[in-house]
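Going by our numbering, the sequence shown opens with residue 35, and the numbers climb by one from there.
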Amino acid sequence: MSVEWGKIVKSINWTLLMAGVINFGLLLYILKRLLFKPAMEFLDRRREQIAARIEAARQSESQALALVSEKESEMRQARVRADEILAQARREAEAVIAQARAAAKNEASKILSDSKERLEQERDHMIHDLREAYAEIAVLGAERVLDREIRSEDHRRLLDQLLEEIDEETLRIPS
35 MSVEWGKIVK SINWTLLMAG VINFGLLLYI LKRLLFKPAM EFLDRRREQI
85 AARIEAARQS ESQALALVSE KESEMRQARV RADEILAQAR REAEAVIAQA
135 RAAAKNEASK ILSDSKERLE QERDHMIHDL REAYAEIAVL GAERVLDREI
185 RSEDHRRLLD QLLEEIDEET LRIPS
């Protein structure tokens, strides 16, 4: 094997090899200067931008979480307030219903008492009319018996006497 390496080493063109190594080194230097450094700067800027965006995203996420938490708190407060409003509305509705019932009872009681009063007045008026009718019948009967005309003053006086004599119990209408 050593023979083979020896032949290989003798067949190498050292000038060409050195020119290739120098060219490669020069290429690396130029690439490093012109390409690698700007590429690394670009990658560093990109890395910083990505880090800044990640940080901004984290801040946005924390702000969003805080906002969600705040909105949930507001929703809970709104639900509590809505429940309070509903309870208040129920209480007010019950109070209005109670007032309406009381007003209806009062109105019914008033209508009943007014009706009773009107019935009493009508009954008293009927009794009065009956008394006058009995008085007129009595006067007519007395006129026929006496067969003479009674003057108006006498008529009024006789009517008053007759009304006093008529027993109120016989004319009373059962209630």
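Using N, Cα and C, we set each Cβ at its ideal position, and we do this for glycine too.
{"Asked": "Cα-Cα separation, residue 93 to residue 133", "Found": "58 Å"}
{"Asked": "Cα-Cα separation, residue 53 to residue 46", "Found": "13 Å"}
{"Asked": "Inter-residue Cα distance where the pair is residue 22 and residue 198", "Found": "Examination of residue 22 is not possible in this model, given that the chain is present from 35 through 209 alone."}
{"Asked": "For residue 193 and residue 169, believed in contact at Cβ under 8 Å, the rounded distance", "Found": "5 Å"}
{"Asked": "Helix, strand or coil at residue 42 [DSSP, three-state]", "Found": "helix"}
{"Asked": "Secondary structure of residue 140, DSSP reduced to three states", "Found": "helix"}
{"Asked": "Backbone secondary structure at residue 57 - three-state DSSP", "Found": "helix"}
{"Asked": "Straight-line gap, residue 142 to residue 164 (C-alpha atoms, nearest Å)", "Found": "32 Å"}
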